[in-house]
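In terms of the numbering used here, the sequence shown is residues 6 to 245.
Glycine is no exception: its CB is placed at the ideal position from the N, C-alpha and C atoms.
The structure displayed is predicted, hence computed values, not measured ones.
Okay, so here's the structure we're looking at.
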Amino acid sequence: MYSMTSRIRYSEVNSEKTLTLQALMDYLQDCCSFQSEDLGIGVDYLAREHRTWMLGAWQIRLCRMPQMGETIRVNTWPYDFNGFYGYRGFSAEGEDGEVLVLANSLWIFMDTDRMRPTRISEELIAAYRDSFGERPAGGFGERKIALPAEGERREPVAVAKVFIDTNRHMNNSRYVAVAEEFLPEGFRIGALRVEYKRAAVLGDLLYPVVRDEGEKVTIALTNEAGGPYAVVEFLRAAEG
């Protein structure tokens, strides 16, 4: 397991002084990125090898979102490699050990010259070996998410420079931030799943298609023809 500790900043919270979902997802992504950097197999190493990791799916369960000023520990661990797929778990805890967040993720190892999946090298697997753990415990649902049938189409959102990361693609947390804007007023998120289909780049238009089923809201961010970039499913938190 690899861990990092941080204090929730004013710049990371909403009007209720609660950590935003985008900031939470950035914490998870930063934690696994820092692990790779510390192991010497981070962004620069991958660039030299003409390789990168692309996120295929998130499954996140929110037990309690931390508040401004709280100190949290974010943990991550790989638990399987299979061909060009890498599987990684996450958790976030309060200072007293309270579990705040549990997450599961699927990553795809890419050849950046051909922009095709490629087999994960034994060198990479060996580097992560000491931090291997178990698959995060259940309740996450399936990886694949059905496109919303008979959803309501909303106004498109342009991919701006602020959305772009080192891969020159829209960063994974930004899809969720865009989708979250289309949730009904008062919808409190208890869990979410995200399936990434294709990478959006600067200047692309995301056409949201929203299906609200009360306890579940599914939002597909598509191109003009309806081909999905990402599909996000939000589950409403239990009352109380």
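- As computed with DSSP, A97 is found in a beta bridge with V79, V106.
- Relative to the Cα of E98, the nearest Cα in the group I224, R12, W112, T57 belongs to R12.
- Distance from the CA of A235 to the CA of Q64, rounded to the nearest whole angstrom, comes to 13 Å.
- Taking the Cβ atoms as the reference, R56 lies roughly 7 Å from M115, within the contact range of under 8 Å.
- Excluding the 5 residues flanking it on each side, A196 has same chain C-beta neighbours closer than 6 Å at R66, L240, in chain order.
- Judged by beta-carbon spacing, E238 lies within the 8 Å limit of T223, meaning their Cβ atoms are closer than that value.
- Contact between V215 and R159 holds: CB atoms are separated by about 6 Å, below the 8 Å threshold.
- With a threshold of 16 other beta carbon atoms within 10 Å, P189 falls short and is exposed.
- The secondary-structure analysis by DSSP pairs R66 across a beta bridge with L107, A196.
- Counting along the chain, M30 sits inside no beta strand (DSSP E); it lies in the alpha helix (DSSP H) bounded by residues 26-43.
- In summary, Y15 is exposed, with fewer than 16 beta-carbon neighbours lying within 10 Å of its beta-carbon over all protein chains present.
- Boundaries of the beta strand (DSSP E) harbouring Y212: 210-217, taken from the DSSP string.
- DSSP, read as helix, strand or coil, puts I13 in coil.
- Setting aside the 5 residues that flank it on each side, T10 is surrounded in the same chain by R78, each with a C-beta closer than 6 Å to its C-beta; the list follows chain order.
- In the DSSP assignment, E238 falls within the beta strand (DSSP E) that extends over 233-241.
- Only residues of its own chain outside the window of five on either side were considered, and among them V48 have a CB closer than 8 Å to the CB of E42, listed in chain order.
- In terms of Cβ geometry, D31 and S178 form a close pair [threshold 8 Å].
- When the five nearest sequence neighbours on each side are left out, the beta carbons in the same chain lying within less than 6 Å of the beta carbon of F95 are those of L33, T81, A108, in order along the chain.
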